[in-house]
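**Student:**
Residue numbers (UniProt numbering): 1 to 777.
(1) Over the uninterrupted beta strand (DSSP E) stretch that includes residue 445, give me the two end residues.
(2) Determine the extent of the alpha helix (DSSP H) in which residue 366 is found, giving its start and end residues.
(3) Expressed to the nearest angstrom, what Euclidean distance is found between the alpha-carbon atoms of residue 336 and residue 634?
(4) Around the C-beta of residue 348, are 16 or more other C-beta atoms found within 10 angstroms, so that it is buried, or is it exposed?
(5) Measure from the alpha carbon of residue 483 to the alpha carbon of each residue in 762, 40, 27, 77, then state which is nearest.
(6) If we ignore side chains and look at the alpha-carbon of each, how far apart do residue 104 and residue 45 end up?
(7) Taking all protein chains shown into account, decide if residue 619 is buried (16 or more other Cβ within 10 angstroms of its Cβ) or exposed.
(8) Under a three-way DSSP split, which group does residue 374 fall into?
(9) Name the DSSP bridge partner or partners of residue 682?
(10) Straight-line CA distance for residue 712 to residue 475?
(11) Is it buried or exposed for residue 554, if we count other Cβ within 10 angstroms and need 16 for buried?
(12) Quick one, which of 665, 649, 650 has its alpha-carbon nearest residue 643's?
(13) So, at 7 Å on beta carbons, what are the nonlocal neighbours of residue 652 in its own chain, with the 5 sequence-adjacent residues on each side left out?
(14) Spatial neighbours of residue 536 within its chain, please: C-beta separation below 6 Å, excluding the five flanking residues on both sides.
(15) Mind checking whether residue 758 and residue 746 have CB atoms under 8 Å apart?
(16) On the DSSP bridge list, what partners appear for residue 696?
(17) Where does the unbroken beta strand (DSSP E) through residue 762 begin, and where does it stop?
(18) Cα separation between residue 533 and residue 611?
(19) Rounded to the nearest angstrom, what separates residue 639 and residue 586 at their Cα positions?
(20) Bridge partners of residue 522, per DSSP?
(21) Please look up how many angstroms separate the CB atoms of residue 350 and residue 449, rounded, as I've assumed it's under 8 Å.
(22) In three-state terms, what does DSSP make of residue 777?
(23) Just how far apart, CA to CA, sit residue 671 and residue 617?
(24) Please state whether DSSP places residue 33 in a helix, a strand or coil.
(25) So who's on the other strand from residue 492, going by DSSP bridges?
(26) Which same chain residues end up closer than 8 Å to residue 428 when comparing Cβ atoms and leaving out the 5 residues on each side of it in sequence?
(27) Could you give the first and the last residue of the continuous alpha helix (DSSP H) run that contains residue 59?
(28) Start and end of the beta strand (DSSP E) containing residue 599?
(29) Count the other C-beta atoms from every protein chain shown that fall within 10 angstroms of the C-beta of residue 595, then say buried if there are 16 or more, exposed otherwise.
(30) In terms of DSSP beta bridges, what is residue 358 paired with?
(31) For the beta strand (DSSP E) containing residue 420, list its first residue and its last residue.
(32) What is the residue span of the beta strand (DSSP E) that residue 587 lies within?
(33) From the DSSP output, in three-state form, read off residue 629 for me.
(34) Just to confirm my understanding: we take residue 777, look at its own chain, exclude 5 residues before and 5 after, and list those with CB closer than 6 Å. What are they?
(35) Quick one: grab the DSSP three-state call for residue 466.
(36) In this structure, how does DSSP classify residue 98 when only helix, strand and coil are distinguished?
Listed below in structure tokens is the structure:
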């Protein structure tokens, strides 16, 4: 019977014990190990404290972190430690110890043995070789025997200093000459033997090489000092206080008082500062003042205390720094430029590709770029080889848009990807949005940059039904697109070649989606919806149509490319000169001293040199440059995706964090506001549970998202009306007050001022539950 590799490896390791490794422990085992380790060390301290930490930890691990069996195992493995011998002493220490033992032994002999006769002193029997120190001591003893007269009190200064008051009998001190001889010739003690006694472990140094020198007799004299003259003479010398043994005490006391007047403090501080310091130290200290004020605070009568709103009025009337408008760098005639400049005469359209995951959105985008010549065949062939090598040959075109390793390995778009391309008649900005439900916030950011949407559906039997189900993303994406301002949608029926271009299958999907898109949940008009069958992988009916396929003869509509070029959108230049300028920030970063901000202009226009204001930070900045499709321009108008550059030095503390994704950029005098509370006309979708007052959710305005909650239900405009307005249920419409989280703020406009920035969407637990329009602040 054959076994796979996993079974063989498993059986080969059955009898082996798992090796201990601290990195493989769980968090609970790691904490328990380090809690027990100090206790284990403490209990083994008296037994053996030389066991390393690894063996201690390993023993704890194999004894299931129990102290008692661990201690027993360690005591069985390791012997009890024996006190180690002291390390060998240095030669100097050995010599000092030998001298001390010699001296102690000699003192004991002097105390116990009778006096030695002159004969024995003159002819001693050497039991050991004489050292230099012993010879000096012997000479001193001989000299003391020759002159047995008592030593006077005024002994030599050197002997007085060297004599020890603690020793029971005075020991002779070697002369300075012998000390010099000892310093000149180093003493080399031999290696001590372990068999000898303690006294013989430090051998005596033999004096064979040292010549015996005659001992010079010391001159003993007495010095007496008379400081009477010094104490009587008026002098600044401080020697008076050194030699104070003689003289009259009254004269010395009088001299000390005189010298106190002579010696003064030396300082470079002038007299005025010294006087001021003295005055300051006579006042109470700051701590004393605080303690006194605290004490008085409890003694004041508070019965007639009133609160004055003067400070509040001053803080509310505090004037902010005045922001001055700046003129454009160039004087531009907008009407003339829009009529004659080819950058503005050619229409610019932006669309977002939405739909359920794996519907073929990224493949469709790659096909469009390849068929329009934006991506060459060499790049596509390279992607085909890479995708086939990874076992995902059908993802080659999708990899044109999905360029990150994560997106390619999982086959799922994670973030929005915007691409600019141009045809002979139109400029396009194509935005590929992720289809997975976990990336709906990124999809919302993509929809907020688009003029219309391409809803891609998978027509394969079973795949469309799963994407159109309640938990599919087809419905949620269309609801979000409508409520974020999309007024035109084209349903792209992909993978029709897998259904052999079946017209019946096309009609079934078309009827289902038309009913849903025009229903009360989405509310598109029929003239706002179009349906086009395609095959993104083969490219049929994307940009070109393959006339050789007879199964598609029933379709008489345009190709997708033709639709994109000819779709009619609302005229953006009707109110261009009067409507306020708004741009929602989609990206912001700092580069070489400049702050660069990109986003889509929702309304109005902007020129290089003008001053803008960022909300909610209220930073005022002057526009240095404007770029559209990476090309510098002098101005930009509504509907365009642009990048503006500012000097970073204009920011407060030059912090890029002052402007964030989702912020609103406008001009002075715009109707936009940064709010904490606002009134919304809210329509709710299907919900699993009712929306209670105070229940938190995530609120989206364009690509800005903040935590919020319904703080008050003002009125229910549809469904059953109740006396107590405590919650809202599915498919109800109500006027509510929404409060943003206390740590956040939301820049927005009323729906009447801007139909894009005045819309909101709310999501709870990963599901879109409602949408609405801002009525008032």
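Glycine residues also receive a C-beta, built at the ideal position from the N, C-alpha and C atoms. Just so you know, these numbers come straight off a predicted model, no measurement behind them.
**Tutor:** With the structure as the only source:
(1) Looking up residue 445 in the chain shown gives position 445. For residue 445, there is no enclosing beta strand (DSSP E); the enclosing alpha helix (DSSP H) has its first and last residue at 440-447.
(2) Numbered from 1 along the chain shown, position 366 holds the residue referred to as residue 366. DSSP places residue 366 inside the alpha helix (DSSP H), whose first and last residues are 361-371.
(3) Here residue 336 is taken as the residue at index 336 of the chain shown, counted from 1. Here residue 634 is taken as the residue at index 634 of the chain shown, counted from 1. Distance from the CA of residue 336 to the CA of residue 634, rounded to the nearest whole angstrom, comes to 14 Å.
(4) Within the chain shown, numbered from 1, the residue matching residue 348 stands at position 348. Within 10 angstroms of the beta-carbon of residue 348 lie 16 or more other beta-carbons, which makes it buried.
(5) Looking up residue 483 in the chain shown gives position 483. The option with the nearest alpha carbon to residue 483 is 762.
(6) Looking up residue 104 in the chain shown gives position 104. Looking up residue 45 in the chain shown gives position 45. Taking the straight line joining both Cα atoms gives about 39 Å.
(7) Translated into the one-based positions of the chain shown, residue 619 becomes position 619. Counting the other Cβ atoms within 10 Å of the Cβ of residue 619 gives 16 or more, which makes it buried.
(8) Position 374 of the chain shown holds residue 374. Coil at residue 374, not helix or strand.
(9) Counting from one through the chain shown, the residue named residue 682 turns up at place 682. Answer is 734, 772.
(10) Within the chain shown, numbered from 1, the residue matching residue 712 stands at position 712. Within the chain shown, numbered from 1, the residue matching residue 475 stands at position 475. Roughly 29 Å separates the two Cα atoms.
(11) Position 554 of the chain shown, counted from the start, is the residue given in the question as residue 554. Flag for residue 554 reads exposed.
(12) As a position in the chain shown, residue 643 is number 643, starting the count at 1. Residue 665 is the option with its Cα nearest to residue 643.
(13) Here the question's residue 652 lines up with position 652 in the chain shown. Once the five neighbours on either side are set aside, the close Cβ partners of residue 652 are 619, 658.
(14) Position 536 of the chain shown, counted from the first residue, corresponds to residue 536. If we look at residue 536 and ignore the five residues flanking it on each side, its Cβ neighbours are 360, 363, 364, 367, 494.
(15) Along the chain shown, one-based indexing puts residue 758 at 758. Along the chain shown, one-based indexing puts residue 746 at 746. No, these two residues do not count as a Cβ contact at 8 Å.
(16) Taking the chain shown and counting its residues from 1, the one referred to as residue 696 is at position 696. The bridge partners DSSP lists for residue 696 are 709.
(17) The residue you call residue 762 lines up with position 762 of the chain shown. From DSSP, the beta strand (DSSP E) with residue 762 extends over 759-764.
(18) The count along the chain shown starts at 1 and reaches residue 533 at position 533. The count along the chain shown starts at 1 and reaches residue 611 at position 611. Residue 533 and residue 611 have their C-alpha atoms spaced approximately 48 Å apart.
(19) The residue labelled residue 639 in the question sits at position 639 within the chain shown. The residue labelled residue 586 in the question sits at position 586 within the chain shown. Residue 639 and residue 586: Cα-Cα distance of roughly 14 Å.
(20) Here residue 522 refers to the residue found at position 522 of the chain shown. DSSP output for residue 522 lists no bridge partner at all.
(21) Numbered from its first residue, the chain shown carries residue 350 at position 350. Numbered from its first residue, the chain shown carries residue 449 at position 449. About 6 Å separates the two Cβ atoms, so the contact holds.
(22) For this step, residue 777 is matched to residue 777 along the chain shown. Note: residue 777 maps to coil in three-state DSSP.
(23) Taking the chain shown and counting its residues from 1, the one referred to as residue 671 is at position 671. Taking the chain shown and counting its residues from 1, the one referred to as residue 617 is at position 617. Each residue's CA atom was taken as its position, placing residue 671 and residue 617 some 16 Å apart.
(24) Mapped onto the chain shown, residue 33 falls at position 33. Three-state result, residue 33: helix.
(25) Sequence index remark: in the chain shown, residue 492 carries index 492 (1-based). DSSP, once it has assigned bridges, lists 456, 532 as partnering residue 492.
(26) Numbered from 1 along the chain shown, position 428 holds the residue referred to as residue 428. Excluding sequence neighbours, residue 428 sits near 348, 349, 350, 351, 420, 421, 422, 564.
(27) Looking up residue 59 in the chain shown gives position 59. 53-62 is the extent of the alpha helix (DSSP H) around residue 59.
(28) Here residue 599 is taken as the residue at index 599 of the chain shown, counted from 1. Segment 594-603, the beta strand (DSSP E) holding residue 599.
(29) Locating residue 595 in the chain shown gives position 595, counting from the first residue. Under this definition residue 595 is a buried residue.
(30) Locating residue 358 in the chain shown gives position 358, where the first residue counts as 1. Note: residue 358 sits in no beta bridge, so no partner.
(31) Taking the chain shown and counting its residues from 1, one reaches residue 420 at position 420. Where residue 420 is concerned, the enclosing beta strand (DSSP E) stretches over 417-422.
(32) One-based indexing of the chain shown puts residue 587 at position 587. Where residue 587 is concerned, the enclosing beta strand (DSSP E) stretches over 582-591.
(33) Against the chain shown, residue 629 aligns to sequence position 629. Note: residue 629 maps to coil in three-state DSSP.
(34) Start at 1 with the first residue of the chain shown, and residue 777 comes out as number 777. Cβ neighbours of residue 777 within its own chain (closer than 6 Å, five residues either side excluded): 673, 675, 678.
(35) On the chain shown, position 466 is the one that residue 466 refers to. In the structure shown, residue 466 sits in a helix (DSSP, three-state: H, G or I).
(36) By 1-based counting over the chain shown, the position of residue 98 is 98. When secondary structure is reduced to three states using DSSP, residue 98 falls in the helix class.
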